[in-house]
Amino acid sequence: MRHHPLALALLLTVACMPQAHAAVSIPLASLDLAPMTQEYGQPEVDRSVGGRPLRIAGQEFPHGLGTHAASQLTIRVERHALRFHARVGVDDEGPGGTVEFHVRGDGKPLWSSGIMRAGQPAKEVDVPLAGVALVVLETDATADGNTDDHADWAEAELIMEDGAKPTTVADPDAERDAGAGERTPSHAQYFTWINNTNEGATEAHTLTNLAFFRWLRDTYGMQLDIYAWDAGNLDLPRGYGTTDSARFRAQYPHGWQPIADAAGALGCRLGLWGGPDGFGDTPEQAAARIALMSGLCRDYRMAEFKFDGVCGQLRPEKQDYFVQMMQACRKYSPDLVLLNHRLPLGKGLRYATTFLFEGAETYIDVHMANTGTATHHRAGALARGLPPRLTRLTEDHGVCISSCLEAWDDDLVLQAFNRSLILAPEIYGNPWLLRDDEYPKLARIYNLHRRWRDLLTQGMVLPEAEYGPHAVARGDATTRVVTLRNLGWEPRTYQVALDEAIGLSAPGAVTVRLFHPHERILGTRAHGERVPVTVAPFSV
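Mapping the sequence shown onto the numbering used here, position 182 (from 1) lands on 183, and the numbers just tick up by one.
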């Protein structure tokens, strides 16, 4: 008899002659939008990017696609499309927005809106597509940046030959340029914010922290992939740094080589906080910045850059330099993860790996607080939802281990196994504040995620009526990792179906194991049975 494992987390592991065709309308919003890219948030069906009804200059539209400039959607129509219709404009929820809309076919411009401003009536789009194989719909931010650039493709539709089906496609170079794809396994990370703030760290400080993670590895087998410096270690808020400045030499008298060596001995690589510009006002200054950042990748095999709007914005006229810089960096670090925190990158957007989920940072009771009474301070964090379509190329800011430590493990289980983004598990702050008896649990979460990380790249959202809010099952046909939560005051029991309802489609008996909040084997059950799982109040 074959047995298939299930993990529970709470954490739970279980050539014709052509014929003339009549024309049909295919709503744009009915297509698979997963390959679509945009500078902030995610595309919304029949809603604005902010989740409200589509409304342009006071006119409401029941159907369409809400996005945020800059954005791009590529659609393969294989010469079966007749026309593209839409009404476009800046959504009323973006009162200061300015956007340009473009329609391209097989690489050639077919239609452009010119600059559209908030309050301007919707423009009619009616573009012939006869003979076109690939349609690209784009929105661009303008020279004033991307603030409020909420762009609507209202009542958008493709007029197709009857029987022809358009399909959205990812740009074939997108994964290369972004450093990762949706199926890239997660990188386990720690970053230093709160342990250091804008003053930055030092050589001694960093080597001490790395010694702590070496102890966790040697004692409990916990493996980091990325140790990421936050602010103040090269760039500063509202300023850019160099490695030959007096400030840098005071912080790192021996440069970064000793630190890169210490990280390498742990089997991990370095990450760095900074800004997207620093290109100065002359070609020589731009060349120096490109050489600096690409040199870090060449010399230290950097694994991550986090570019933050706190440091400064990318000037529109410097976007080409940004593209050159990222291309040079990825020559040495092809898998370099670029986190985009609140930046309109324009041409450079395709080189960003992630956006900041919900625009939210997770410092408990500072940036993330409870919205109601609960038994601990992390109920607000445990109530966080899921990225649209379970998009993994986003970043949720990880789990803060500094203030209000209770339920940190519940928080981390959701971050690692429920959302399971490109950076997971991800913690920051001061994990040395945990109790000694909590270090094995920290390591266990990291180790289990590492064991299953290839499986965790695929998931499905489970029905809320049966499994509670934001429940997810990840894995393949034979192994599923299920995460459940309870945001109420009474214990809640879920009946978990051991079958296709959670993606467990392979036949045979199912071994059910509970991994959080404690570990035990729940038994071996027949495929199709249900197993009761009880979740404590305000817990995972």
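Positions of the beta carbon are idealized from the N, C-alpha and C atoms, including for glycine.
Bear in mind the structure is a predicted one, so any value in this text is a computation, not a measurement.
Query	Result
Rounded separation between L340 and V534 - CA only	37 Å
Rounded separation between S113 and K332 - CA only	34 Å
Distance between R184 and T512 (C-alpha atoms, nearest Å)	26 Å
Alpha-carbon to alpha-carbon, R521 and A502	23 Å
T525 - containing alpha helix (DSSP H), residue span	No alpha helix (DSSP H) contains T525, which is instead part of the beta strand (DSSP E) from R521 to R526.
Residues sharing a beta bridge with K109, DSSP	G106
Beta-carbon contacts of A131 that lie in its chain and below 7 Å, excluding the five residues immediately before and after	L83
Same chain, Cβ closer than 7 Å to N448, neighbours up to 5 away in sequence not counted	G222 and M223
Rounded separation between P96 and G268 - CA only	49 Å
CB-CB length for M461 against G504, believed under 8 Å	6 Å
Simplified DSSP state of E546, which is helix, strand or coil	As shown, the chain starts at 2 and ends at 541. That puts residue 546 outside it, with no answer to give.
Residue range of the unbroken alpha helix (DSSP H) whose run includes K307	K307 -> not in any alpha helix (DSSP H); beta strand (DSSP E) instead, spanning E305 to D309.
Contact between the region 139–148 and the region 174–190 (3+ Cβ pairs under 8 Å)	no
Length at least 4, wholly inside the region 423–455: the alpha helix (DSSP H) runs in chain order	440–453
Distance, P518 Cα to P538 Cα	12 Å
Same chain, Cβ closer than 6 Å to W409, five either side skipped, listed in chain order	I402
8 Å Cβ cutoff met for Y1 and A261	In the structure as shown, the chain begins at 2 and stops at 541. Residue 1 is therefore absent and cannot be evaluated.
C-alpha distance - E139 paired with A263, whole-angstrom precision	45 Å
Inter-residue Cα distance where the pair is L315 and L346	6 Å
Cβ pair V50, A30 closer than 8 Å	no
Buried or exposed by the 16-neighbour rule on C-beta atoms within 10 Å, applied to F306	buried
E94 burial status per 10 Å Cβ neighbour count (16 or more: buried)	buried
Residue(s) in a DSSP beta bridge with K124	V89
I446 versus L413: straight-line alpha-carbon distance, rounded	8 Å
C-alpha distance - A382 paired with G296, whole-angstrom precision	38 Å
Backbone secondary structure at M327 - three-state DSSP	helix
Three-way DSSP call (helix, strand, coil) for F214 in this model	helix
E465 - containing alpha helix (DSSP H), residue span	E465 to Y468
CA-to-CA distance, A370 to P28, given in whole angstroms	40 Å
Nearest residue (CA-CA) to E61, options D107, C312, W154 and F280	W154
Beta strand (DSSP E) segments (min. 3 residues) lying fully within the region 42–68	55–57 and 60–62
Any 3 or more C-beta pairs closer than 8 Å across the region 431–438 and the region 382–399	no
Inside the region 367–405 only - alpha helix (DSSP H) runs reaching at least 4 residues	380–383
Beta-carbon proximity list for L273, same chain, < 8 Å, skipping 5 on both sides	A229, W230, N234, L235, L297, M303, E305, F306 and K307
heavy atom of the ligand GDP below 7 Å from I423 C-beta	No copy of the ligand GDP appears in this structure; indeed no ligand is present at all.
Nearest candidate by alpha-carbon position, reference P54, set R452, Y41 and H151	H151
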